[in-house]
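Take the sequence shown: its letter number 103 is residue 103 in our numbering, and every next letter is one higher.
Contents: one structure, followed by commentary.
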Amino acid sequence: MAQAKVTTDHDEIRKWAEARGGRPAAVRSTQSKEATGIIRIEFPGAPNAKDDNLEEISWEEFFEKFDESELALLYQEETARGQRSNFNKLVGRETAEAREHGESHASRHHDRR
C-alpha cells in the first residue's frame, strides 16, 4: 500500500516537486497585483499542464503564500505499484496534524478556535 506523507518543509517540497518536473503555479483568476492567489504544483504531461488559467510563479512566491495560508503538502513518493507518484494535495496544517494523529474526520473546514 502506498503511504502518503505530510510536510511543511520548503526544501523537502521543492526537491520532491522538482524531481518530478513540478513547478510552482498560481490560478490566474485568484491573483491580484498585490497578492498571489490559489497555489498549485503543476507537472508537465498532467491533465492541467496546458491550463491557461495557471501561471508559473517563483518558489519564493509559492512559499510565501504557502506559509501565509498555513498549508502543508500531503504527497506520495510512490504509487501502490511502486512507480514514482505525482500525487499531492495542499491541505491546512491543522488537517495535516490531525491526520498524523489518526483523526480520519480531519477537514480543513473545521472550526479554528
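The beta carbon of each residue, even a glycine, is placed where N, CA and C say it ideally should be.
- With distances taken between CA atoms, ASN88 lies nearest to PHE43 out of GLY37, LEU54, PHE43, ARG28.
- Proximity to GLU12 across GLU94, TYR75, GLU97, VAL91 peaks at TYR75, based on C-alpha coordinates.
- Taking the C-beta atoms as reference points, GLY92 is found nearer than 9 Å to SER69.
- Shown here, ALA4 sits in a strand according to DSSP, grouped into three states.
- By the neighbour-count definition (other C-beta atoms within 10 Å, threshold 16), THR30 is an exposed residue.
- With a contact defined as Cβ atoms closer than 8 Å, ARG23 and GLU56 qualify at about 5 Å.
- Taking ASP9 as reference, the option from GLU64, GLY37, ALA72, GLU60 with the minimal CA-CA separation is ALA72.
- As a beta-bridge residue in DSSP terms, GLU42 pairs with ARG23.
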